[in-house]
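Residue numbers are given in our numbering: position 282 of the sequence shown equals residue 282, and the series is strictly consecutive.
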Amino acid sequence: MGTPLSRVELSHRIEQHLQSWGLKLFKDEADYFAWQRNVLSPTDLSSLHQLIQYRQDQTDPTADIQFYDLAANADILPVLYSQRYNFFAEVGVAIAQRLFTVRRVLDFGCGVGILTTFWASLFPDIEFLGIDRSSHSIEAASNQVSHRGLRNIRFECRQIPYDAMTGTHDCIVSTHALFQAEDSPGLSSADWNTFARSHDSARQLAVEEATGIGERIDALCGLMSPTGKMVLCEKTRHLGRRLLLQRAFARREFYPMSTPSLLGYDMVGVQVEDGPLYELVRQGQERTLAWHEEPEWKEGQSLYDCSGDTAAHLSAALNVVQGAMSHDVQLNQVIGSCTLQVGIWRKALAYGWVTTTAGFHGMLLGSVRDASIIVQSWTRFAQMSESDVLESIQQIWGNEDPTPSQDPIPAYENHTIAAQEVWSALPDRSIQEEQTFHESDGRAMHIELGRSGPFTYIYWANTYDQRQLMLVDSGHDDWLAAYYHESLAEMQSSAHF
Ligand SMILES: C[S@@+](CC[C@H](N)C(=O)[O-])C[C@H]1O[C@@H](n2cnc3c(N)ncnc32)[C@H](O)[C@@H]1O
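Set out below in structure tokens:
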């Protein structure tokens, strides 16, 4: 067992390691692609693009292997894998922190071994085996073993679950290898108005089989010692994919031994949400934690801001007046030329409202769950000088006048899971028109046009956790009804969803 290194030290080591593989960090997409065009020959670039397309077509099961074989080419490798620089940096360190107590590690789907060689050089007393079905990747990985003088690592070309394997490992690692079916949304919810998945073992089995995840997990379980653990980072931030993976492990009596940690990093200028990173053991081995199936709530994701006439109309519609009794929370403050108000409208919408004597109106609106964020911001305003409040107003709402448009600016709009919370809290909701589409496999999609207090709304939801809510003030009823019919026609004409 080694002595745990600090996160700072691990981060420093992985930076050096990635550079030793010829990987470069790019913060800007344009810079990266300019470098790619400069470094790769036109032939390499065209072979890569062809294989990427071929792989996406999903007609040839060997396309994935062909792609990773080409990616292992000495010229292409550093260029292609530089795109994942921050992924390696994040995941490499997070997994290293979980390897201090183990002795024999199997890295499933190790690719060219960028991470496996990092861990092997950090932990000379741990024995590593990297396996991958791309023979060229394994060749590139093996070349690095001698080049780096590593004595505690082997690479073998194996395809799980088809190639026979023996041996027992007390830690199995997989990064972006176990759950490859990238276009699979995993398990759908029980209906369009819930994020919960029904406990339907036949459905679970069918999706495990369709994605191949079940047989891969079973094969890996056979290579793990009863007291061992699995450390996984797969593309499972989407709830349907996350629950498929979790239930596949729960069915095999695995539980988290630490809280699954979410990952986020920048990939050539694009923010990526990844993970969670799981550390799993069989039941009874350690003090285990329960599986959680709730959707991931991001603080502030229900918030919507508007200014100018839209905000002024909205404040009138919500009856934002000092001391109004319909408001559960009230914070009123006058600082020089600014009036600040915070409240909750009919237990449904939390709002923060700012007006200035110069005629500025600003509104921040969200679900009651996000009320504390509004209260905190407005409390901070209340402690500022007038000029600081004016500067903060500028930062939140800017001074842009919305570009003139034929369409009304919504009083509220949300395209995240928070839309469901706001929609279900709307007071005196009355549905004017609605339509629900059901597919034979249980998937469903719903759209409705309704009224609530001074608002007309459109709500759209499906069984893959997608939600959209738009409120307009009732002066725009006709516009919203036309929009509803347009959206409905689009849904009816789309073959599937
Ligand atoms: C996205 S890459 C990830 C590589 C590496 N784990 C990393 O994080 O850089 C996925 C790798 O899994 C390998 N792979 C996918 N399915 C596999 C299977 N059934 N058996 C062995 N390797 C597999 C692929 O060949 C590919 O190298």
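Glycine included, every Cβ here is placed at the ideal spot set by N, Cα and C. No experiment lies behind these values; they were computed from the predicted model shown.
Query raised in the report: To the nearest angstrom, how far is it from the Cα of G442 to the Cα of D191?
Result: Cα-Cα distance, rounded: 8 Å.
**Report entry** Whole-angstrom C-beta distance between L365 and P295, which should lie under 8 Å
**Finding:** The C-beta separation of P295 from L365 comes to about 21 Å, leaving the pair out of contact by the 8 Å criterion.
Query raised in the report: Out of curiosity, what's the CA-to-CA distance linking Y94 and G186?
Result: Inspection of the sequence shows that residue 94 is occupied by Ala rather than by Tyr. The C-alpha of G186 is placed about 25 Å away from the C-alpha of A94.
Query raised in the report: If we ignore side chains and look at the alpha-carbon of each, how far apart do R251 and T101 end up?
Result: So the alpha carbons of these two residues sit roughly 26 Å apart.
Query raised in the report: Distance, Cα to Cα, A89 vs L205?
Result: Their Cα atoms are separated by approximately 34 Å.
Query raised in the report: beta strand (DSSP E) containing G308: first to last residue?
Result: For G308, no beta strand (DSSP E) encloses it; the enclosing alpha helix (DSSP H) starts and ends at G308 to A317.
Requested in this report: Give me whichever residues DSSP pairs with M230 in a beta bridge.
Outcome: Listed as beta-bridge partners of M230 by DSSP are I172 and L280.
Query raised in the report: What is the DSSP secondary structure of C110, counted as helix, strand or coil?
Result: DSSP places C110 outside both helix and strand once states are collapsed to three, so it counts as coil.
Report task. Give the secondary structure of Y464 by DSSP, where H, G and I count as helix, E and B as strand, and everything else as coil. Result -> Note: Y464 maps to coil in three-state DSSP.
Report task. Ignore the nearest five residues each way along the sequence and tell me which others in G22's own chain have a CB closer than 7 Å to its CB. Result -> Taken in chain order, the residues that qualify are P78.
Requested in this report: Could you tell me whether any non-hydrogen atom of ligand 1 is closer than 7 Å to the CB of A177?
Outcome: The answer is yes for A177.
Report task. Kindly say whether A202, judged by its beta-carbon, lies nearer than 8 Å to any beta-carbon of chain C. Result -> Absent here is chain C; the protein component of the structure consists of one chain.
Report task. Could you say if the stretch 124–136 and the stretch 60–69 meet the contact criterion of at least three C-beta pairs nearer than 8 Å? Result -> The count of Cβ pairs closer than 8 Å, one atom from the stretch 124–136 and one from the stretch 60–69, reaches three, so the stretches are in contact.
Query raised in the report: Which term fits H485, buried or exposed, when burial requires 16 or more other beta carbons within 10 angstroms of its beta carbon?
Result: When all chains shown are included, H485 counts as exposed.
Query - Inter-residue CB distance, M363 and S315 (contact presumed, cutoff 8 Å) - result: Correct: roughly 6 Å between the Cβ atoms.
Query raised in the report: Any chance the CB of P68 is under 7 Å from a heavy atom of ligand 1?
Result: It is Tyr, not Pro, that sits at residue 68 in the sequence shown. Yes, since a heavy atom of ligand 1 falls inside the 7 Å radius drawn around the Cβ of Y68.
Requested in this report: Can you give me the Cβ contacts of Q177 inside the same chain, cut-off strictly under 7 Å, excluding the 5 residues immediately before and after it?
Outcome: It is Ala, not Gln, that sits at residue 177 in the sequence shown. For A177, where only same-chain residues beyond five positions count, the Cβ hits under 7 Å are F108 and G109.
Query raised in the report: If you follow the beta strand (DSSP E) that R451 is part of, which residue opens it and which one closes it?
Result: Note, R451: beta strand (DSSP E), A444 to S452.
Query raised in the report: How many Å lie between S424 and Y304 at the Cα?
Result: If I take the Cα positions, the gap works out to 17 Å.
Query raised in the report: Got a sec, what are the start and stop residues for the alpha helix (DSSP H) H361 sits in?
Result: No alpha helix (DSSP H) contains H361, which is instead part of the beta strand (DSSP E) from H361 to S367.
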